[in-house]
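Take 1 as the starting number for the sequence shown in full-length UniProt numbering and just add one per residue.
C-beta: ideal position from N, C-alpha, C; glycine also.
Contents: one structure, followed by commentary.
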Amino acid sequence: MVMKDSITQAKKPSDSPQADGDVQGRLITALLDPRCYPHPVKRVGIMETHISWVLLAGRYAYKIKKPVDLGFLDFTDLSSRRHYCEEELRLNRRLAPQLYLDVIPLGGTAEMPEIGAEPAIEYAVKMRRFPASQQLDRLAEHDRILPEHMDSLAATIAHFHEALPSAEPGAGLGSAAATHATVFQTLEQLQTALAGTENEVRVAGLRAAIETEYGVRKEHLERRLAGGFVRECHGDLHLGNIALIRGRPVPFDCIEFSPSLRWIDVMNEAAFTVMDLLHRQQSELAYRFLNAYLETTGDYGGLPLLRFYLAYRAAVRAMVSAVRAGQDNLSKRDKAAALASCSSFLDLARACLARQRPALVITRGLPGSGKTTFAQAALERLQAIRIRSDVERKRLFGLAALADSRSQAEGIYHAEATVRTYARLHDLARELLAAGFPVIVDAAFLKREEREHFRMLADELSVPFVIASLKASSETMQSRIVKRQSESSDASEADLGVLKLLQEKEEVLAPQERAYTVEFVNEKEGFDSGDNAWKKLERLLDGR
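So this is what it looks like as structure tokens:
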């Protein structure tokens, strides 16, 4: 929120902080004069939060921290404000160096400030502005977030997380106890904000449900800390803190004032974005983002905590809305909107804790038949987790999804490697089904034995099982393979020679397999299938 240019009109002096008679108030009033700035400024806009002022001056924004002590942060002295300005710059330059430019001293006097002069009477973070219309929350309001935006964001966050150092297990950050304290402090604040309202009882119920989920996941939280998954994250990764810059989603406005709120499990971070998308009725984008993130990181082990973190993040936004609803200067209309927002987040928090009905879908098809395209459409439609053989095979050999495996002396497509790959897919599917997620395994499954192995897993876990059989003409498959190879944009490395070989080795479906098989014909660009196939798939998954 710190660089939005949606407000361009400066406050009048009578409305400014000067009425408080404090030094910073006089400084802010003086900075409303465009002549203060060492670059062209026609007029100065101003934004205020409970902890900062943001001056919007031409192409730049200057963020000044208020001298406040709110318990969870203390900006009361100049040295602390300078420190947190420097922290804000350090943390945000990890993801948005093009936006966060410098920490600037403000010299002179409160009435006649000099930007960049020493000795400093105040400090400001200097940032480059961008159109508020490009924030993802604004784009979501008009259904203008594209699937490729989610792919790009997932890659950005995944690589960001992978590059971060892990918290030391004994440092007190990200432990089960620390996580519990943070979550339940939020719930206490929410309950206080809603005291005496019809939502107070709902918060008590939510608190009990989250406490139950915490009890189930406590040991897993500790294992995540020991495994190095607690890192110095962004901390506040909802859509309002992500903007399209030159067509690419860029996260900004990290939490600088509280280490405990940013040293968190990486799954906690990803869950905030997923939750926000779900709240905006963008479940397809939510699961596209989640799956793209997981395929890049391979962090499927964090998924058992996803419901807990989704509920927590929904509670955070409910608390923000509840606090806003309690502001004295709010109109009746805005108060009602804030309470409605709070209520919707409470609904989502409870819904996130509910277990989905797990199910297992495996694909079957030759290279170029559309398995991955189907799996992408299915994961969005079914809110499922996809596991891709092409990606997991390369991960087993230490390769990134788009890496060329020819650099491996032994290759990664020999028989033993294939056995290892299917074993990995089987293990992951078991873990995710046991955690309560619908799972799609995107692999060729051309051998009856491979398919039967996964059918038996579904039987063992008492979950529905479906084979999605993908069909396309030889000409279509050949064309897709040639195009894919020329673009080098997919994890699959199958060429025309592999297609010919597999066409000869493919084992047809047995009569008993057809009872739980759905055939999808995919001849056109993108995914081409009628509603009947989808309806049959969903009917089989419902056990009908």
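Check                                                                                                                                                                                     : Outcome
In three-state DSSP terms, what is S152?                                                                                                                                                  : helix
DSSP three-state label for S407, please.                                                                                                                                                  : Confidence is the limiting factor: at S407 the pLDDT is only 46, short of 50, which leaves the residue's position unreliable, though a coordinate-based value still follows. Helix at S407.
Out of Y123, E87, A318, which has the shortest C-alpha to C-alpha gap to R262?                                                                                                            : E87
Any idea what DSSP makes of L106, helix, strand or coil?                                                                                                                                  : strand
Based on the DSSP secondary-structure assignment, which residues constitute the bridge partners of V54?                                                                                   : M47, K63
Please go through the region 471-523 and give each complete alpha helix (DSSP H) segment of 4 or more residues, from N-terminal end onward.                                               : 474-487, 496-505
Look at M127 and A61 and say whether their C-beta atoms are less than 7 Å apart.                                                                                                          : yes
What did DSSP end up calling A96 once you bin it into helix, strand or coil?                                                                                                              : coil
Assess, as a yes-or-no matter, whether the region 100-107 is touched by the region 198-215 under the definition of 3 or more beta carbon pairs within less than 8 Å.                      : no
When the distance is taken between beta carbons, is A286 closer than 7 Å to F130?                                                                                                         : no
Under 8 Å Cβ to Cβ from H39, same chain only, skipping five residues before and after it: list those, please.                                                                             : A57, G58, R59, Y60
By alpha-carbon positions, which one of T297, R381, K500 ends up nearest to E475?                                                                                                         : K500
Helix, strand or coil: how does DSSP classify Q281 here?                                                                                                                                  : coil
Could you tell me the alpha carbon to alpha carbon distance between T363 and A318, rounded to whole angstroms?                                                                            : 40 Å
Would a C-beta distance cut-off of 7 Å place A154 and V250 closer than the cut-off?                                                                                                       : no
Would you say the region 327-337 touches the region 296-309, given that touching needs at least three Cβ pairs under 8 Å?                                                                 : no
As a quick exercise: from P165, R381, D236, A322, pick the residue whose alpha carbon is nearest that of E538.                                                                            : R381
Exposed or buried, which one is K505 when buried takes at least 16 other CB atoms within 10 Å?                                                                                            : exposed
Decide yes or no for the touch test of the region 157-177 against the region 308-316: beta carbon pairs closer than 8 Å, at least 3 of them.                                              : no
If we count Cβ pairs, one from each stretch, closer than 8 Å, do we get three or more for the region 139-152 versus the region 193-204?                                                   : no
What does the alpha-carbon distance come out to for the pair D22 and L290?                                                                                                                : 47 Å
Please work out which residues of its chain come closer than 7 Å, Cβ to Cβ, to A178, disregarding the five sequence neighbours upstream and downstream, and give them in chain order.     : G172, S260
Helix, strand or coil, according to DSSP, for K447 in the structure here?                                                                                                                 : coil
Can you give me the C-alpha to C-alpha distance between E507 and A533, rounded to a whole angstrom?                                                                                       : 22 Å
Identify, in the order they occur along the chain, each residue of the same chain with its Cβ nearer than 7 Å to the Cβ of L541, setting aside the five sequence neighbours on each side. : A359, P464, V466
Using a Cβ-Cβ cut-off of 7 Å (strictly less than) and excluding sequence neighbours within five positions of S369, which residues of its own chain qualify?                               : L470, K471, A472, M477, N522
Under 8 Å Cβ to Cβ from Y422, same chain only, skipping five residues before and after it: list those, please.                                                                            : S389, A443, E450, H453
Which residue from Q512, T186, H220, L221 puts its Cα closest to that of L206?                                                                                                            : T186
Per DSSP, what kind of secondary structure is Q135 in: helix, strand or coil?                                                                                                             : strand
With distances taken Cα to Cα, identify the nearest neighbour of P398 among G411, I387, A435.                                                                                             : The identity of residue 398 in the sequence shown is Gly, whereas the question assumes Pro. Cα-wise, what sits closest to G398 is G411.
Measure the beta-carbon distance from P367 to V498 and round it to whole angstroms, keeping in mind my assumption that it falls under 8 Å.                                                : 6 Å
So, does the region 227-234 touch the region 159-166, judging by three or more C-beta pairs under 8 Å?                                                                                    : yes
So what's G21 in DSSP terms, helix, strand or just coil?                                                                                                                                  : Reliability fails at G21, whose pLDDT of 35 lies under 50, so the model's placement of it is uncertain and the value that follows must be treated cautiously. Three-state DSSP puts G21 in coil, outside helix and strand.
Find out if the Cβ-Cβ distance for the pair A270, L221 is shorter than 7 Å.                                                                                                               : no
Do you know whose CA, among V361, R357, H142, D490, lies nearest T517's CA?                                                                                                               : V361
Our contact map puts H279 next to S344 with C-beta atoms below 8 Å; I'd like the distance itself, whole angstroms only.                                                                   : 7 Å
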